[in-house]
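Please read the structure below before turning to the comments.
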Amino acid sequence: MLPFGVSPVGVVMAAVVTFLIGMIWYSPILFAKPWMALNGYTPDKLVELKKGAPKAYGISFLAYLLLGVGIAAVVRFDSPLGGMWTGVQVWTFLVMPVSLTALVFSDRRLGAWLIDAGYQLVYFAAMGAILSRWG
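Here it is, written out as structure tokens:
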């Protein structure tokens, strides 16, 4: 058992689903092209980024596991809809204000932030739904 009585199975499921959502979100099907353009990524920069991809994916997956534990600790609903709502609230009142504040003190473009923030909102809702049942 993990801290707060959280189920490891639910946390791993939530992290895997979050990773899969990211694969779709940042694919050519959805936001790959605008996200790359808004961040100013050239073909050369993409080649460079791909070299570090395994490390970035590994760190991201570990972060998703930690988020899963945290979200499971606050999600106390018996329904996926209730869990989704809790995930949305956590994102709205904790995650979004922190990332928005970071945005206004950076040189990032609003569009790139909106794509990233949208992904975060979707995966927080998904994690909440999953962890309401298996957390």
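Going by our numbering, the sequence shown opens with residue 6, and the numbers climb by one from there.
Backbone N, C-alpha and C define an ideal beta-carbon position, used for all residues, glycine too.
In this structure, the straight-line span from the alpha carbon of Gly-57 to that of Ser-65 is close to 12 Å.
Annotated three-state conformation of Thr-47 is coil, per DSSP.
Here Leu-99 carries a helix assignment [DSSP, helix/strand/coil]. Separation of Thr-97 and Val-127 (C-alpha to C-alpha, rounded to the nearest whole angstrom) is 11 Å. Judged by pairs of C-beta atoms under 8 Å, the region 42–53 touches the region 110–118, as three or more such pairs exist.
Shown here, Arg-81 sits in coil according to DSSP, grouped into three states, outside any helix or strand. Across the structure, Ile-76 and Lys-60 are spaced so that their CA atoms are roughly 24 Å apart. Put simply, the backbone Cα of Pro-39 is about 27 Å away from that of Ala-19.
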